[in-house]
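Residue numbers (the numbering used here), protein chains in the order written: chain A, 30 to 141; chain B, 291 to 405. Accompanying notes for the structure given below.
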């Protein structure tokens with residue numbers, strides 16, 4: 030099955046700085062790559078996603094890049110704010126109706 | 291997006307008893323639902339894929355006789371943890387793939403504590 034690796038496991042940044050989280054995947058058939066934000070004890074919330082036919086996607090302060098050849102994708106958060114502090118998970122899926130395989134998570138702390 | 295409701299939100303049970311967790315897709319019919327388990331400060335680990343009207347597909351290492359999954363209707367999947375032990379204590383969460391087939395929508399999760 031799919032193996033998704035995520036780095037770093039913890040990340041601390043000063044408010045206003047940028048944060049980057051990286052993931053790699055193993056199954057070349059995966060074609061959908063979402064990023065989720067999870068606050069303690071709550072359900073994961075989708076923050077951005079990218080499909081394999083696109084190399085980059087941006088939504089305000091959040092962007093995701095995908096390198097299909099290298100099988101890696103990254104989350105970029107600019108101008109970080111304290112409310113960005115949470116655990117972030119990447120995931121990979123083969124698309125419609127298929128299960129998601131999650132990375133190990135990154136605990137992001139934004140220091141005011 | 292899809293609305294997914296999971297019940298109960300938390301449950302405490304005695305060792306040896308069984309616990310049933312429900313996952314409902316409230317606003318569309320889901321032929322497939324997924325069950326995950328999450329230990330503190332760890333990732334979501336896929337346990338099984340719940341298929342409406344047929345047997346669930348379990349991930350390697352997940353005991354199907356211990357984690358019984360029933361998907362009897364297009365809007366309801368249940369996970370029963372049988373003969374629960376303290377090591378089964380965890381956060382269990384279900385998800386549904388939205389009507390457009392890609393984005394996953396999660397239930398609010400169930401915190402199970404076995405004492």
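We put the beta carbon where it would ideally sit given N, CA and C, even for glycine.
Name, please, each residue of chain B whose Cβ falls closer than 9 Å to the Cβ of residue 133(A). 332, 333
Report all residues from its chain with a CB closer than 7 Å to the CB of residue 375(B); omit the five preceding and five following residues, and keep chain order. 305, 404
Check each residue of the segment 375-404 of chain B: if its Cβ is closer than 9 Å to any Cβ of chain A, include it; give the result in chain order. 381, 383, 385, 387, 390, 391, 392, 393, 394, 395, 396, 397, 398, 399, 401
Whose C-alpha, out of 98(A), 133(A), 128(A), is nearest the C-alpha of residue 37(A)? 133(A)
Residues of the segment 84-102 of chain A in Cβ contact with chain B at a cutoff of 9 Å, in chain order, please. none
Straight-line Cα distance separating residue 95(A) from residue 88(A): 15 Å
So if I threshold CB-CB distances at 8 Å, which residues from the segment 334-346 of chain B count as touching chain A? 334, 335, 336, 339
Using a Cβ distance threshold of 8 Å, determine whether the segment 33-47 of chain A contacts the segment 371-387 of chain B, with at least three qualifying pairs required. no
Compare the C-beta of residue 324(B) against all C-beta atoms of chain A and say whether one is closer than 7 Å. yes
Contact set between residue 78(A) and chain B, taken where Cβ atoms lie within less than 7 Å: 393
Under 8 Å Cβ to Cβ from residue 352(B), same chain only, skipping five residues before and after it: list those, please. 337, 338
Cα separation between residue 308(B) and residue 73(A)? 26 Å
Might you give, ordered along the chain, the residues of its own chain that have their beta carbon closer than 6 Å to the beta carbon of residue 297(B), omitting 5 neighbours on each side? 312
Determine, using beta carbons only, whether residue 395(B) and residue 292(B) come nearer to each other than 7 Å. yes
Are the CB atoms of residue 115(A) and residue 63(A) nearer to each other than 7 Å? no
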